[in-house]
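**Q** Reminder that position 302 of the sequence shown reads as 302 in full-length UniProt numbering, one-by-one numbering, no gaps.
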Amino acid sequence: MTREVDREAYAELYGPTTGDRVRLGDTELFVEVEEDLRTPGDEAVFGGGKTLRDGLGMSPGTTQAEGALDWVLTNALVMDPILGIVAADIGIRDGEIAGVGKAGNPDTMDGVDMVVGPSTDVYPAEGKIATAGGLDIHIHFNSAQLHEHALASGITTMLGGGYGGGATTTTTGPENIKRFLQAAEEWPVNVGFYGKGNASKPGPLREQVEAGACGLKLHEDWGSMPAAIDTCLDVAEEEDVQVCMHTDTLNEAGFVENTFAAVDGRTMHLFHIEGAGGGHAPDIMEMVGQPNMLPSSTNPSMPYTVNTFDEHLDMVMVCHHLNPDVPEDVAFAESRVRAETIGAEDVLHDEGAISMMTSDSQAMGRMAEVICRTWQTASKMKAQRGPLPEDEAADTHDDADNFRVKRYLSKYTINPAISAGIDDYVGTLEPGKLADVVLWDPAFFGIKPAMTFKGGFPVYSEMGEANGSLMTCEPIKQRPRAGAMGKAKHGLSLSFVSPAAAEAGVGEEYGLDAPVVPVSGARTPGKSDMHYNDYCPDDVEIDPETFEVNVDGEVVSAEPSEELPLAQRYML
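(1) Within this structure, are the beta carbons of ASP80 and LEU429 separated by less than 9 Å?
(2) Residues in the same chain with beta-carbon distance under 7 Å from ALA514, minus the five sequence neighbours each way, listed in chain order, please.
(3) Taking the straight line between their C-alpha atoms, what separation do you get for SER469 and MET58?
(4) Tell me, to the nearest whole angstrom, how far the beta carbon of PRO431 is from that of ILE129; I am working on the premise that it is less than 8 Å.
(5) Quickly, what does DSSP pair PHE30 with across the bridge? List them, please.
(6) Going by the CB atoms, is the gap between PRO449 and LEU439 shorter than 9 Å?
(7) Which value, in whole angstroms, describes the spacing of the CA atoms of ALA125 and GLU548?
(8) Within 10 Å of its beta-carbon, does SER561 have 16 or more other beta-carbons around it, so buried, or fewer, so exposed?
(9) How long is the line joining the alpha carbons of GLU311 and ARG338, rounded to whole angstroms?
(10) Using a Cβ-based criterion (distance less than 8 Å to any ligand heavy atom), does SER355 qualify as near the ligand MG?
(11) What does DSSP give as the partner residues of THR358 in its beta bridges?
(12) Quick one: residues in its chain with C-beta nearer than 8 Å to the C-beta of THR546, no 5 flanking neighbours on either side, listed in chain order?
(13) Taking 9 Å as the cut-off, decide whether the C-beta atoms of GLY421 and GLN242 are in contact.
(14) Starting from TRP71, trace the beta strand (DSSP E) both ways and give me its first and last residue.
(15) Thinking C-beta only, is TRP71 closer than 9 Å to ASP121?
(16) Quick one: Cα of PHE271 to Cα of ALA44, how far?
(17) Output the distance between the C-alpha atoms of GLY91 and LEU73, rounded to the nearest integer angstrom.
(18) How do the stretch 523 to 535 and the stretch 341 to 359 stand: do at least 3 beta-carbon pairs fall below 8 Å, yes or no?
(19) Return the first residue and the last residue of the alpha helix (DSSP H) that THR157 is part of.
(20) With a 10 Å radius around its C-beta and 16 neighbouring C-beta atoms as the bar for buried, classify VAL100 as buried or exposed.
(21) What does the alpha-carbon distance come out to for the pair VAL22 and GLU392?
(22) Spatial neighbours of SER557 within its chain, please: CB distance less than 6 Å, with the 5 preceding and 5 following residues excluded, ordered by chain position.
(23) Quick one: what does DSSP say PHE445 is sitting in, helix, strand or coil?
(24) Using only alpha-carbon positions, find the residue among MET109, TRP222, LEU233 and GLN362 that is nearest to ARG206.
(25) Could you give the first and the last residue of the continuous alpha helix (DSSP H) run that contains GLY134?
(26) Using three-state DSSP, classify PRO544 as helix, strand or coil.
(27) Mapping DSSP to helix, strand and coil, what is THR172?
(28) Applying the criterion that 16 or more other CB atoms from any shown protein chain within 10 Å of the CB defines a buried residue, is CYS214 buried or exposed?
(29) Would you list the one or two residues that DSSP bridges to THR452?
(30) Are there three or more Cβ pairs, one per stretch, closer than 8 Å when the stretch 26 to 34 is compared with the stretch 45 to 57?
(31) I need the DSSP call for CYS244, collapsed to helix, strand or coil.
(32) For my contact list, THR157 and VAL116 are in at a C-beta cut-off of 8 Å; report their separation, rounded to the angstrom.
(33) Which residue from GLU503, TYR10 and THR358 puts its Cα closest to that of HIS269?
(34) Taking the beta carbon of THR18 as the centre, do at least 16 other beta carbons fall within 10 Å, making it buried, or is it exposed?
(35) Look up GLY203 in the DSSP assignment and say whether it is helix, strand or coil.
(36) Starting from GLN376, trace the alpha helix (DSSP H) both ways and give me its first and last residue.
This is how it looks when you write it as structure tokens:
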């Protein structure tokens, strides 16, 4: 005997289903459920009197060895750039995503493709949004506590350089790379470290890659000259690792055209493409039109607000060890901060011309704001520019922003994973990838995760006072879970190194407990491989006097915001 349930009641019991819309935080963004992979009437629900009990929704005789899940996240709203926006159960086995579909007992339920047994634990994700753990692949590791802020914001993979107390642009030299890989064992996150790419001779670059660098970084503070660029890319092509570049603000050794010539068609990840974070002044942003350039932004300039310009001047002075009493140093800082290009950056993100978002943490950016700034920008652009053409043409409600949401979600998930050569492991919730899953209450989406699974086990979540009678007792705040402690964290996270280092067995040599895995395919991606963010303008010009940005014959700009979502409403 069937029973009809109205949409509102169904959503309260099991979360949204096909055609339902969900607002993301206090933004202007709405998503519409595209498909429901569950079986109506056979939903998997944990609790007293619910379906996941012995002989009902739980298969009593299926062991873990016979295929039962380790974890099931029930009735989640999955938001993923590859899988889409679907209602489903998420299954986890052996630290990996086992499936996204229908979980339960195949003997009593229809459509089951993941078995729940007595060995399966349950996270009730009804009413929650599930996304892949975020990536930040532009970090300056000044502070040893960065991972806490990363996890508390939904970031589970951290790539960058430095170790605090020094220049911190890269993790420089074999001995320092070894020590930092050893130190990172303390963090329940995936890590990878960039060696210094600024050398016009290949030997020092090769030794860093072979010691365990997962990529090389060119930075203007060490001299991003054409000879160094060419040599760095030569070594990267041999070793199959990513190259990231912070170009020459001062244009000392050449202009943007000279850098483009030195790159010579090879794949390059360009950091802070707008230029306030560094790069050829004033026209580094012209590189967004090149098919071999993978452009990213850093979060301090995103989105453009009434405070952005003034804040950046002070940050540049401190970050680059400049003296406010030296006119040349002040001119250096002022050349980098341009309201016109910062405003255009928002629009180029919305059009999919800038493919990735990063933090540039502690070298002007903020570790915990990669995700919230991404969604602030998306919301601002909808408010100022209206729906995207792709959303207007889609077979969804008028206010649904599914395409725009996938575009912005890709900027800190799958696209940086592709750029770094680690998309076989992370970046989406596709089966077979590491089970790095972030659960969000829709009202707090993008700003405060409810629960973070790392490698298929809880590592961070909102949690009440430990002495409380229940875990819901105030004060509720982001706290580490058992997976962030002891030896557990080693088995839940990956250390990314070069193929040469992995083959040489640096993990065993350095005494690492975390699995050491090689990056791969980092030299082949182009702009066309950036999901939802592959727009390559034919002509990008920046006026050297007014800094006005012209893209394919049209002036591109956005108004500075006076108020943003995901801001003070959520942070006392």
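By construction, the Cβ of each residue, glycine as well, lies at the ideal position given by its N, Cα and C atoms. It should be emphasised that the depicted structure is a prediction, and the values quoted were computed from it without experimental measurement.
**A** So, from the listed chains and residues:
(1) Yes, they are a contact pair.
(2) If the five residues before and after ALA514 are omitted, its C-beta is found closer than 7 Å to the C-beta atoms of GLU185, HIS490, SER493, LEU494 and SER495, all from its own chain and listed in chain order.
(3) 29 Å
(4) No, PRO431 and ILE129 are not in contact; Cβ-Cβ is about 19 Å, not under 8 Å.
(5) ARG23
(6) yes
(7) Linking ALA125 to GLU548 through their CA atoms gives a straight-line distance of about 47 Å.
(8) By the neighbour-count criterion, in which a residue is buried when 16 or more other Cβ atoms sit within 10 angstroms of its Cβ, SER561 is buried.
(9) 12 Å
(10) With respect to small molecules bound, the structure shown includes none, and the ligand MG cannot be examined in it.
(11) THR298
(12) The residues are GLU340.
(13) yes
(14) 71 to 80
(15) yes
(16) The alpha-carbon separation between PHE271 and ALA44 amounts to approximately 44 Å.
(17) 7 Å
(18) Judged by Cβ distances under 8 Å, the stretch 523 to 535 makes contact with the stretch 341 to 359, as three or more pairs qualify.
(19) Taken as a continuous stretch (DSSP letters only), THR157 belongs to no alpha helix (DSSP H), being part of the beta strand (DSSP E) at 155 to 161.
(20) buried
(21) 17 Å
(22) GLY343 and ALA344
(23) coil
(24) LEU233
(25) In the DSSP annotation of this structure, GLY134 is not part of any alpha helix (DSSP H); the continuous beta strand (DSSP E) holding it starts and ends at 134 to 140.
(26) coil
(27) coil
(28) buried
(29) Bridge partners of THR452: VAL438 and TYR460.
(30) Touching, no.
(31) Strand, per DSSP.
(32) Going by Cβ atoms, the distance from THR157 to VAL116 rounds to 29 Å, so no, they are not a contact pair.
(33) Closest by alpha carbon: THR358.
(34) exposed
(35) Of the three classes helix, strand and coil, the one that applies to GLY203 here is helix, per DSSP.
(36) 370 to 385
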